[in-house]
Every structure is written in C-alpha cells, then in structure tokens.
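In the numbering used here, the protein residues as written are 1 to 291.
We treat Cβ as the ideally placed atom computed from N, Cα and C, and that holds for glycine.
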C-alpha cells in the first residue's frame, strides 16, 4: 500500500457529499451523480455497493477497468484501490458505504456467504434483473428510513439487522453469478478459494501459513504470492481476519470467560490472547466485551 495515497472512508464521504449516516460507520447516498469523481488513486477503507439505475459509470478497480451500466451493481471492498472514475451526465443510482468496523459487526454469523463476497473482489460488477433491482431499492429505502430515525433507542441494532437481511438477499443474487462463473476461474482463484475454505475449517487451531501451504501441496512462498495477487492481502491477513471475527463473536455473544475463549482459540495463555486481540482491534478483550 502506498501510505501517501488518499483513502476513502465514511468520514471523508460525509464531508464530500450529501448523505444519510450513522456516525462514521454507515453512509447512504441517494444520488450518486452528486459525488465528485476523481482520477487519482484512492485506497478503500470501507465497503461500498453502488446500484446504477440509469446512464453509466466506470472505475479502475485494482488496475482493472470496470464499467457499470444501468441495471448493474458494483461492489468494492476495503483494501482495494480505485481510480479513473467517470460518470455519464445522465447517471442515476444510489450507494451504500459501510466502515470496516461495522462490516465486522454486520457479517458476524454470516460466514456461509464468505465465498460469495470474496468472489466480488475479482468479479465486482453484477447484472440485476428488474425484480432484483426493485428488491434492493426497497431495502435501501427502508434502511434510509431507519437511519434517519436518530432518536430511536435501538436504531443501530435495527440497521445492522436490516443490513444482514440485505446482504443475504444480495448474496443470493451474487451466488447465481458465482455458479455460472466457476468454470472460468483461474488457477489463482482456485487456490484462493481452497485456502479460504481451509481457514474456515481450521483457524481455531492453525494459524501458520506453512501449515495451510502443506495441506494444499504448494510452497508457502507460492501460496503467499498467489493470495496477494488475487486478493491484495497476505495469507496472514486472511487468517487474522477469521480469528478476530470469531473472537469478537465469542466475546460479544457468549458468556464464556476470557480464559475459556483463550483455550477454545488454541492460544498458549491468556496474556498472549490479550496481546493478539489488542494488536488487531485496538482494545483489550475485556474492554471490547464492555463496549
């Protein structure tokens, strides 16, 4: 990553255009034509879904040109780089942006959809049927309504659950596309898919890249090069992602002691567990549980 590169965050989007939002975690843009486009490279620090209902727009996503026409959606994940953004004068559509932190909250318990959304990193544009477009639009309007109810005690929780339902609905659409595209997967994508599936089954007891490479009968170096090329993240990034996600779930949604969670996650001791969690989350396990 070029540390001098500008980043796109919920905070920066709030300053740049009119939108409905929850803190720096979620932003809804009703009219994407109001967004100022830039030709300079930007590093995504949030997850974005754009739905185009009229006209067209184009982006370069991780150096690959993508065109979004009327009836298309595009998904760009945190960690990807976009630039060369252009939009037609008649373009209409809406967008949902979710922070990295809120994505973690929303995706808790939705691991069955992991492969679908990993697939979008290399196949970000999807064609939507009229009925699918209307369904997504209905979800968007309901989300917007709830986001604007600022005085509601459980507004954030309501929005989180609506986003989960939205992601399941969108995931069903993307799943059909994924099945159609499987035969065209590159060798790198096949390795990436196998690697993620292995992590999902073994991350509680194995966090060594060398172990995963051995199971796949390839060298750790080749695994690292392939995963970085396909996903723009390292194998360790993906292992840590699943480990931290599980830790968050256990801390927030169970009454298990931190000592017990340490044992379940196969850490040598509670001190090491705490240091690992704080390094990746920015707070101790006990503070996270209280937050």
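1. Ignore the nearest five residues each way along the sequence and tell me which others in residue 184's own chain have a CB closer than 6 angstroms to its CB.
2. What span of residues does the alpha helix (DSSP H) with residue 213 cover, start to end?
3. Quick one: give me the first and last residue of the beta strand (DSSP E) that residue 12 is part of.
4. Since I believe residue 44 is in contact with residue 77 (beta carbons under 8 angstroms), could you give me their beta-carbon distance rounded to a whole number of angstroms?
5. Counting Cβ pairs closer than 8 angstroms, one from the segment 30-42 and one from the segment 79-86, do we hit at least three?
6. Could you check which residue in 57, 242 and 187 has the C-alpha nearest to that of residue 207?
7. Return helix, strand or coil for residue 60, following the three-state DSSP convention.
8. Leaving out five residues on either side along the sequence, give the residues of the same chain with a beta carbon under 6 angstroms from the beta carbon of residue 59.
9. Does DSSP put residue 89 in a helix, in a strand, or in coil?
10. Measure from the C-beta of residue 120 to each C-beta in chain C and report whether the shortest distance is under 7 angstroms.
11. Do the segment 163-179 and the segment 187-206 make contact, defined as three or more Cβ pairs closer than 8 angstroms?
12. Am I right that residue 50 and residue 93 are in contact with their C-beta atoms under 8 angstroms? What's the rounded C-beta distance?
13. Relative to the C-alpha of residue 56, which residue among 289, 291, 91 and 134 is closest?
14. Assuming contact is defined by CB atoms lying nearer than 7 angstroms, are residue 87 and residue 132 in contact in what I supplied?
15. Quick one: Cα of residue 245 to Cα of residue 104, how far?
16. Rounding to the nearest angstrom, what Cα-Cα distance links residue 235 and residue 135 in this structure?
17. How is residue 97 classed by DSSP in three states: helix, strand or coil?
18. Starting from residue 72, follow its DSSP beta bridges and name the residues at the other end.
19. Between residue 99 and residue 24, which are expected to be in contact by the criterion C-beta below 8 angstroms, what is the C-beta distance as a whole number of angstroms?
20. Report the residue from 126, 9, 153 and 212 whose alpha carbon sits nearest the alpha carbon of residue 101.
21. Tell me the rounded alpha-carbon separation between residue 142 and residue 74.
22. Among residues of its own chain, excluding the 5 on either side of residue 160, which ones have a beta-carbon nearer than 7 angstroms to its beta-carbon?
23. Name the two residues that bound the continuous beta strand (DSSP E) containing residue 27.
24. Which residue comes first and which comes last in the beta strand (DSSP E) that contains residue 22?
25. How big is the Cα-Cα spacing for residue 38 and residue 260?
26. In whole angstroms, give me the CA-to-CA distance for residue 231 and residue 188.
27. Determine the burial state of residue 62: buried for a count of at least 16 other Cβ atoms within 10 Å of its Cβ, exposed for fewer.
28. Can you name, in chain order, every residue of its own chain whose Cβ lies under 7 angstroms from the Cβ of residue 34, other than the five neighbours on each side?
29. Exposed or buried, what is residue 47 when buried is set at 16 or more other beta-carbons lying within 10 Å of its beta-carbon?
30. Can you list, in chain order, the residues of its chain with a C-beta nearer than 6 angstroms to that of residue 257? Leave out the 5 residues immediately preceding and following it.
Taking the definition as stated:
1. A caution first: residue 184 carries a pLDDT of 47, below 50, which makes its placement in the model too unreliable to give a value.
2. Where residue 213 is concerned, the enclosing alpha helix (DSSP H) stretches over 209-215.
3. Taken as a continuous stretch (DSSP letters only), residue 12 belongs to no beta strand (DSSP E), being part of the alpha helix (DSSP H) at 10-16.
4. Indeed they touch by this definition, with Cβ atoms about 7 angstroms apart.
5. These segments touch.
6. That would be 242, whose Cα lies nearest to the Cα of residue 207.
7. Here residue 60 sits in strand by DSSP.
8. Cβ within range, chain order: 66, 82 and 85.
9. Of the three classes helix, strand and coil, the one that applies to residue 89 here is coil, per DSSP.
10. As a matter of chain content, chain C is missing from the structure shown, which is built from one protein chain.
11. The segment 163-179 makes no contact with the segment 187-206: fewer than 3 CB pairs, one atom from each, lie closer than 8 angstroms.
12. Right, their Cβ atoms sit about 6 angstroms apart.
13. Restricting attention to 289, 291, 91 and 134, the CA atom closest to the CA of residue 56 is found in 91.
14. No, the Cβ-Cβ distance between residue 87 and residue 132 is not below 7 angstroms.
15. Taking the straight line from one Cα to the other gives about 7 angstroms.
16. For residue 235 and residue 135, the distance between alpha carbons rounds to 36 angstroms.
17. DSSP places residue 97 in strand when its eight states are reduced to three.
18. 52 and 127, per the DSSP bridge assignment.
19. Right, the Cβ-Cβ distance comes to about 6 angstroms (below 8 angstroms), so this counts as a contact.
20. If we check each option's Cα against that of residue 101, 9 comes out closest.
21. Between residue 142 and residue 74, the C-alpha separation is close to 20 angstroms.
22. Around residue 160: 105 and 106.
23. Residue 27 -> beta strand (DSSP E) spans 26-29.
24. 20-22 is the extent of the beta strand (DSSP E) around residue 22.
25. Going from the Cα of residue 38 to the Cα of residue 260 covers about 49 angstroms.
26. Using only the alpha carbons, I get a separation of about 10 angstroms.
27. It counts as buried.
28. A distance below 7 angstroms between beta-carbons, with the five flanking residues on each side excluded, links residue 34 to the following residues of its chain, in chain order: 17 and 18.
29. By the neighbour-count rule (16 or more Cβ atoms within 10 Å), residue 47 is buried.
30. For residue 257, where only same-chain residues beyond five positions count, there are no Cβ hits under 6 angstroms.
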